[in-house]
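Scroll down for the structure; my scribbles are underneath it.
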Amino acid sequence: MLSRMAGILKANDAFDLAATFHDADTAYGQSSVFRPNLFLINVDEPGAVEMIPRFIKSYPQAQILGTMGQWKSTVAEAMLSAGVCGCILKPFNSTDVLEALKIYKRRGQSLPTRTLALFSPKGHSGRTTLATVLAIELAKKSGESVGIIDADLQFGDVAMFFDAVPRHNVVEATHDINLLTPAALENYFHPVGKGVWIMSGPLQPEHAELVEANRLIEVVRMAGCLFRYVILDLPVGFNPISLALAECADTDILISMLNSGQEVRHMKRSLKMFHMWDAYGKRVYTMFSGVHNCTEDHKRKLEGELGRSVTLMLPEERRIK
1 MLSRMAGILK ANDAFDLAAT FHDADTAYGQ SSVFRPNLFL INVDEPGAVE
51 MIPRFIKSYP QAQILGTMGQ WKSTVAEAML SAGVCGCILK PFNSTDVLEA
101 LKIYKRRGQS LPTRTLALFS PKGHSGRTTL ATVLAIELAK KSGESVGIID
151 ADLQFGDVAM FFDAVPRHNV VEATHDINLL TPAALENYFH PVGKGVWIMS
201 GPLQPEHAEL VEANRLIEVV RMAGCLFRYV ILDLPVGFNP ISLALAECAD
251 TDILISMLNS GQEVRHMKRS LKMFHMWDAY GKRVYTMFSG VHNCTEDHKR
301 KLEGELGRSV TLMLPEERRI K
């Protein structure tokens with residue numbers, strides 16, 4: 001396998017193969033004479049992942065790609081956290097390597113993915129509007145890529161917000177996920193410009209039944225290899241999909257429109273579920289939209305009712321000047 005992959009890289013003028021090694025430890029000790037700018041490290045080898053920080057420290061000029069025989073989201077996430085460019089599957093060809101490096105350059109910094117889930121107890125809260133605006137602003141201010149996954153499987157309208165007609169949707173992605181690599185998954189996202197990509201919801205409401213929560217989580221985790229930020233627009237209320245994705249995300253944003261006063265009660269009931277995750281280091285933020293009285297006194301009153309801080313109050317549209 002090693003000699004065959006080495007031969008593939010030698011045959012491409014884009015690569016100047018300096019050396020091959022049978023284990024990461026030997027490569028680490030003997031590569032200094034070559035001044036390499038790219039390492040392909042077999043992360044299936046025991047101890048290889050733990051050696052990544054040593055490679056990064058000793059060869060700061062080099063990019064690192066992990067190679068694995070079967071896709072493992074946990075390993076891929078650990079590699080990103082360690083500072084590598086990404087991972088590819090074996091056997092690979094030179095195009096796979098170049099594509100992975102292209103994705104890395106577009107993705108942004110060699111940092112773990114931030115996954116943000118937007119949840120609302122009731123509809124008409126402005127959740128999707130917030131998700132799309134957040135994606136645009138994150139891409140603009142960070143200069144890194146942002147992916148939105150429309151997980152409102154019955155009535156999602158993220159694509160409509162961008163006036164886009166994607167060729168693929170979340171149903172196809174979850175169906176195919178066990179056969180995909182990050183480069184292949186990229187085709188299921190639709191670029192909408194300025195560093196933002198979207199994966200649209202199903203074409204028909206009844207297709208929501210075709211999406212399994214565990215497969216959708218794998219889509220989200222693999223999307224982290226493509227995008228620095230992954231935003232999840234969740235369905236209204238608690239169901240297996242919204243619960244699974246909210247738990248999967250590192251940041252949960254709860255938003256509700258403040259209208260009749262019942263919304264505060266709904267938010268408080270929802271927070272009981274999120275309080276449990278908050279204790280494990282997850283970031284949980286609360287927001288209210290359509291607020292008539294955006295004052296500090298009103299904010300303190302809401303915080304007293306909720307028993308926690310209110311992150312943001314958004315005024316009703318007619319009051320925005």
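Quick note: the sequence shown uses my numbering, first residue 1, plus one each step. We put the beta carbon where it would ideally sit given N, CA and C, even for glycine.
Query                                                                                                                                                                                 : Result
Give me whichever residues DSSP pairs with Cys-87 in a beta bridge.                                                                                                                   : Gly-66
May I have the straight-line CA-CA distance separating Tyr-59 from Asn-259, to the nearest angstrom?                                                                                  : 57 Å
Report the partner residues of Trp-197 according to the DSSP bridge assignment.                                                                                                       : Gly-147, Pro-191
Do you know offhand how far Phe-21's Cα is from Val-49's?                                                                                                                             : 16 Å
Taking 7 Å as the cut-off, is the beta-carbon of Lys-122 closer than that to any non-hydrogen atom of the ligand FAD?                                                                 : Ligands are entirely absent from the displayed structure, and the ligand FAD is therefore not among its contents.
When the Cα of Ala-139 is compared with those of Ala-183, Lys-194, Ala-184, His-168, which residue comes out closest?                                                                 : Lys-194
For Gln-175, does the count of other Cβ atoms within 10 angstroms reach 16, so buried, or fall short, so exposed?                                                                     : According to the sequence provided, residue 175 is His. The question's Gln does not apply to it. Burial call: exposed.
So the candidates are Arg-35, Ala-11, Ile-41; which of them puts its Cα closest to the Cα of Asp-25?                                                                                  : Ile-41
By Cβ distance, which residues of its chain are closer than 6 Å to Ile-320, with the 5 residues on each side in sequence left out?                                                    : Low local confidence applies: a pLDDT of 48 at Ile-320 is under 50, so the model's placement there is unreliable, with the coordinate-based value given in what follows. Result list for Ile-320: empty, nothing under 6 Å.
What is the rounded straight-line gap between the Cα of Lys-268 and the Cα of Pro-91?                                                                                                 : 51 Å
If you count every other CB in all the chains shown that lies within 10 Å of the CB of His-322, and 16 or more means buried, which is it?                                             : Since the first and last residues shown for the chain are 1 and 321, residue 322 lies out of range.
Could you work out which residue in Gly-237, Glu-144, Arg-35 is closest to Glu-263 when comparing CA atoms only?                                                                      : Gly-237
Contact check, Leu-232 vs Leu-116 under 8 Å by CB: the rounded distance?                                                                                                              : 7 Å
Under the three-state reduction of DSSP, which class applies to Leu-138: helix, strand or coil?                                                                                       : helix
According to DSSP, simplified to helix, strand and coil, what is Val-230?                                                                                                             : strand
One question on the structure: do Ile-198 and Ala-159 come within less than 8 Å of each other, judged by their Cβ atoms?                                                              : yes
To the nearest angstrom, how far is the alpha carbon of Ala-208 from that of Tyr-104?                                                                                                 : 32 Å
Based on the DSSP secondary-structure assignment, which residues constitute the bridge partners of Ser-256?                                                                           : Phe-288
By alpha-carbon positions, which one of Pro-53, Phe-15, Leu-17 ends up nearest to Tyr-28?                                                                                             : Pro-53
List the DSSP bridge partners of Ile-41.                                                                                                                                              : Gly-66
What residue does the alpha helix (DSSP H) around Ala-213 start on, and which one ends it?                                                                                            : 213-223
Say whether the segment 159-169 touches the segment 215-230, bearing in mind that this needs 3 or more beta-carbon pairs closer than 8 Å, one atom from each stretch.                 : no
Classify Lys-321 as helix, strand or coil using the three-state DSSP reduction.                                                                                                       : Because the pLDDT at Lys-321 is just 49, under 50, the model does not fix this residue reliably, and the value given afterwards should be weighed accordingly. Reduced to three states, the DSSP call for Lys-321 is coil.
Does DSSP put Pro-315 in a helix, in a strand, or in coil?                                                                                                                            : strand
Spatial neighbours of Ala-213 within its chain, please: CB distance less than 7 Å, with the 5 preceding and 5 following residues excluded, ordered by chain position.                 : Pro-240, Ile-241, Ala-244
I'd like the span of the beta strand (DSSP E) that includes Phe-238, first residue to last.                                                                                           : Segment: none, Phe-238 is in no beta strand (DSSP E) and carries neither H nor E.
The beta strand (DSSP E) that contains Leu-116, what's its start and end?                                                                                                             : 114-119
Label Arg-328 either buried or exposed according to how many other C-beta atoms from any shown protein chain fall within 10 Å of its C-beta, with 16 as the threshold for buried.     : Within the shown structure, residues of the chain are numbered from 1 to 321, placing residue 328 beyond reach of any answer.
Considering only residues of the segment 5-64, which uninterrupted beta strand (DSSP E) runs meet the minimum length of 3 residues and lie entirely inside it, listed in chain order? : 38-42
Have a look at Leu-134 and Tyr-229 and give me their C-alpha separation to the nearest angstrom.                                                                                      : 10 Å
What are the partner residues of Asn-169, as DSSP defines its beta bridges?                                                                                                           : Ser-200
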